[in-house]
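Colleague: If you scroll down you'll find the structure; I have some questions about it.
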Amino acid sequence: MALDKLQERRERVFLVLAGTFLCAMTLLNVIGITRFVQLGPMALAVGVLPYPLTFLCTDLICELYGKARANFLVTVGLGLNFMILGVLLLGNSLPAVPEGNMPPWQILQLAAPVALPNGDIVEQSVGLYQLIYATTSGAVFASMLAYIAAQYCDVQLFHFWKRVTRGKYLWVRNNFSTLMSQMVDSVMVITVTFGAAFLRGEMTVKTLAILVASNYLFKATVALLDTGPFYLGVHYLRRYLHLDAGEIAVPGGAKDGG
Numbered sequence: 001m002a003l004d005k006l007q008e009r010r011e012r013v014f015l016v017l018a019g020t021f022l023c024a025m026t027l028l029n030v031i032g033i034t035r036f037v038q039l040g041p042m043a044l045a046v047g048v049l050p051y052p053l054t055f056l057c058t059d060l061i062c063e064l065y066g067k068a069r070a071n072f073l074v075t076v077g078l079g080l081n082f083m084i085l086g087v088l089l090l091g092n093s094l095p096a097v098p099e100g101n102m103p104p105w106q107i108l109q110l111a112a113p114v115a116l117p118n119g120d121i122v123e124q125s126v127g128l129y130q131l132i133y134a135t136t137s138g139a140v141f142a143s144m145l146a147y148i149a150a151q152y153c154d155v156q157l158f159h160f161w162k163r164v165t166r167g168k169y170l171w172v173r174n175n176f177s178t179l180m181s182q183m184v185d186s187v188m189v190i191t192v193t194f195g196a197a198f199l200r201g202e203m204t205v206k207t208l209a210i211l212v213a214s215n216y217l218f219k220a221t222v223a224l225l226d227t228g229p230f231y232l233g234v235h236y237l238r239r240y241l242h243l244d245a246g247e248i249a250v251p252g253g254a255k256d257g258g
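Now the structure itself:
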């Protein structure tokens with residue numbers, strides 16, 4: 001295959017992996033804690049459901065494109081977190097249209113007073129955007145802190161285990177990096193998101209512990225289940241991208257030094 005065609009193929013695969021990573025991360029921030037679902041013994045925010053895909057994508061990029069590309073993608077994701085938070089803040093700061101001109105579906109009528117996640121108490125009605133902002137803005141901030149810690153941790157641990165195992169045992173670096181970084185993520189995102197509610201006495205330590213445990217149990221389960229897809233992805237993508245053992249898909253075909 002011609003070199004330019006091969007490089008185009010490699011960049012397209014990177015774009016798919018990066019797009020999947022950024023899509024899952026954005027969904028976490030957009031739908032966040034707007035709803036909790038029950039999966040067996042686990043109580044999960046819907047935003048958590050696609051999030052484990054981010055760790056599979058970074059592990060594949062670490063393996064196929066190297067540490068520098070993985071860190072670059074995580075940094076781009078961090079920038080998008082700031083963009084999401086900025087748009088939320090901008091939308092909340094701009095004046096709303098007069099109530100008479102506001103579509104009726106933008107106002108929610110409440111049967112009883114409701115305490116919003118940001119601490120505001122709503123007595124009778126609340127704007128749809130106000131509710132979304134109160135629900136997601138704090139979650140985005142928590143997500144940013146957890147994201148910085150967990151994703152960079154995942155990349156560093158992946159290459160740490162790769163060095164320790166001398167490039168062998170894919171399952172070791174895939175599972176141990178993801179399981180450890182997702183514990184960091186679960187603890188941080190729950191404690192920061194609901195820390196204010198806990199300090200106000202609206203949540204107990206037991207409730208926080210259940211949320212952390214449910215969050216981590218789901219992520220850990222998915223992390224263990226994605227070992228098979230990770231092996232298949234590495235096997236077939238190495239052939240598809242024409243990569244030799246230890247080679248990464250960057251211009252020049254450099255070896256990944258970890």
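Start counting the sequence shown at 1; every next residue gets the next number (UniProt numbering).
Note that beta-carbon positions come from the ideal geometry of N, C-alpha and C, so glycine has one too.
(1) Leaving out five residues on either side along the sequence, give the residues of the same chain with a beta carbon under 6 Å from the beta carbon of residue 197.
(2) Determine the direct distance from the alpha carbon of residue 28 to that of residue 48, and round the result to whole angstroms.
(3) What does a CB cutoff of less than 6 Å around residue 69 pick up in its chain, not counting 5 residues either side in sequence?
(4) Among 246, 72, 24, whose alpha-carbon lies nearest the alpha-carbon of residue 165?
(5) Would you call the stretch 185–195 and the stretch 214–221 in contact, with 3 or more CB pairs under 8 Å?
(6) Under the three-state reduction of DSSP, which class applies to residue 180: helix, strand or coil?
(7) Given this structure, state the Cα-to-Cα distance separating residue 39 from residue 243, to the nearest angstrom.
(8) Go to residue 39, then tell me how far its beta strand (DSSP E) extends in each direction, as first and last residue.
(9) May I ask you to report which of helix, strand or coil DSSP gives residue 202?
(10) Roughly how far, in whole angstroms, is the beta-carbon of residue 51 from the beta-carbon of residue 248, given that I think they are within contact range, below 8 Å?
(11) Should residue 28 be counted as a contact of the ligand FAD given a C-beta to heavy atom distance under 6 Å?
(12) Please say whether residue 145 and residue 177 have beta carbons closer to each other than 7 Å?
(13) Can you check whether the CB of residue 13 is closer than 7 Å to the CB of residue 262?
(14) Residue 44 by DSSP, collapsed to three states: which one?
Modeller: Taking the structure as given:
(1) Taking the first residue of the sequence shown as 1, we reach residue 197 at position 197. Cβ neighbours of residue 197 within its own chain (closer than 6 Å, five residues either side excluded): 203.
(2) Numbered from its first residue, the sequence shown carries residue 48 at position 48. Numbered from its first residue, the sequence shown carries residue 28 at position 28. Answer to the nearest angstrom: the Cα atoms are 6 Å apart.
(3) Position 69 of the sequence shown, counting from 1, holds the residue named residue 69. Answer for residue 69: 61, listed in chain order.
(4) Translated into the one-based positions of the sequence shown, residue 165 becomes position 165. The alpha carbon of residue 165 has as its nearest neighbour, out of 246, 72, 24, the alpha carbon of 246.
(5) Contact holds: three or more Cβ-Cβ distances are below 8 Å.
(6) Along the sequence shown, read from residue 1 onward, the residue named residue 180 stands at position 180. In the structure shown, residue 180 sits in a helix (DSSP, three-state: H, G or I).
(7) Within the sequence shown, numbered from 1, the residue matching residue 39 stands at position 39. Within the sequence shown, numbered from 1, the residue matching residue 243 stands at position 243. Approximately 40 Å between the Cα atoms of the pair.
(8) As a first step, residue 39 is located in the sequence shown; it is residue number 39 there, counting from the start. Unbroken beta strand (DSSP E) run through residue 39: 36–39.
(9) Here residue 202 refers to the residue found at position 202 when the sequence shown is read from its first residue. Of the three classes helix, strand and coil, the one that applies to residue 202 here is coil, per DSSP.
(10) To locate residue 51, count along the sequence shown from 1; it is residue 51. To locate residue 248, count along the sequence shown from 1; it is residue 248. Actually they do not touch by this definition, with Cβ atoms about 26 Å apart.
(11) In the structure on display, the ligand FAD does not appear, and there are no ligands present to speak of.
(12) Start at 1 with the first residue of the sequence shown, and residue 177 comes out as number 177. Start at 1 with the first residue of the sequence shown, and residue 145 comes out as number 145. Cβ distance not < 7 Å, so residue 177 and residue 145 don't count as in contact.
(13) As displayed, the chain neither begins before 1 nor continues past 258, which places residue 262 out of reach and without an answer.
(14) For this step, residue 44 is matched to residue 44 along the sequence shown. Under the three-state reduction of DSSP, residue 44 is assigned to strand.
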